[in-house]
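End of the sequence shown = 265 in the numbering used here, gap-free, step of one.
Even glycine gets a Cβ: it sits at the ideal position worked out from N, Cα and C.
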Amino acid sequence: MKLVMGLLILFSAILAQAACPKDEASFVADAPALLVKFAFIETSGKTSDFTKELGKAATGGAATIKVGDENLVFARADYKAESVSGVMKCDKAKNKVIFLSVGWDAGLNGSGVKGVGIQ
147 MKLVMGLLIL FSAILAQAAC PKDEASFVAD APALLVKFAF IETSGKTSDF TKELGKAATG
207 GAATIKVGDE NLVFARADYK AESVSGVMKC DKAKNKVIFL SVGWDAGLNG SGVKGVGIQ
């Protein structure tokens, strides 16, 4: 089995095009879908956009993490052989979701594509 690996290191935070959800509960509920969509865009389609499958054939979940004064959200989503996980926060000044790290395994016939974004 051939394992294809790639590493993407970003020198600044990666901004999603999504506005911050209205409250923490909404952020946790929306996090898996935001993550899947972001990974699809950032990998230029190497991962699937399975947002419509979340809650059906795809599973996803999220939890809040307190780091110092910041509330971060860790999310994970799985669909078939694909897995996406990441940590994000809400930049309240810009009203944008910022991804601090994103990792994925596309599981393409035993091969995978993995990446990490770091602030």
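CA nearest to the CA of residue i, picked from the options
| i | options | result |
| --- | --- | --- |
| Val243 | Ala252, Ser229, Val219 and Asp251 | Val219 |
| Ala252 | Lys168, Glu170, Val182 and Ala171 | Val182 |
| Ala177 | Gly191, Lys238, Ala223 and Ser229 | Ala223 |
| Gly232 | Gly206, Glu170, Lys168 and Asp169 | Gly206 |
| Lys198 | Lys235, Lys240, Lys212 and Leu180 | Leu180 |
| Val213 | Lys235, Gly201 and Phe196 | Lys235 |
| Ala175 | Gly191, Gly201, Asp195 and Phe196 | Gly201 |
| Asp215 | Asp195, Asp237, Val230 and Asn241 | Asp237 |
| Asp195 | Lys168, Ala164, Asn241 and Val230 | Val230 |
Cβ pair residue i, residue j closer than 8 Å
| i | j | result |
| --- | --- | --- |
| Ala208 | Ala227 | no |
Boundaries of the alpha helix (DSSP H) in which residue i is found, first to last residue
| i | result |
| --- | --- |
| Lys183 | Glu170 to Glu188 |
Nearest-angstrom beta carbon gap, residue j and residue i [assumed within contact, 8 Å]
| i | j | result |
| --- | --- | --- |
| Trp250 | Thr210 | Not confirmed; about 22 Å, so no contact. |
| Phe184 | Phe245 | 6 Å |
Residue i, enclosing beta strand (DSSP E) - first and last residue
| i | result |
| --- | --- |
| Leu218 | Glu216 to Tyr225 |
| Leu246 | Lys242 to Asp251 |
| Gly206 | Thr205 to Val213 |
C-alpha gap between residue i and residue j, whole angstroms
| i | j | result |
| --- | --- | --- |
| Ser299 | Phe186 | Outside the displayed range of the chain (147 to 265) lies residue 299, so it cannot be described from this structure. |
| Cys166 | Ala204 | 23 Å |
| Ala159 | Glu170 | Low local confidence applies: a pLDDT of 41 at Ala159 is under 50, so the model's placement there is unreliable, and no value is given. |
| Asn217 | Ala239 | 15 Å |
| Thr189 | Lys168 | 28 Å |
| Ala164 | Gly191 | 18 Å |
Any chain C beta carbon closer than 8 Å to residue i
| i | result |
| --- | --- |
| Val219 | The structure shown contains no chain C; it is built from a single protein chain. |
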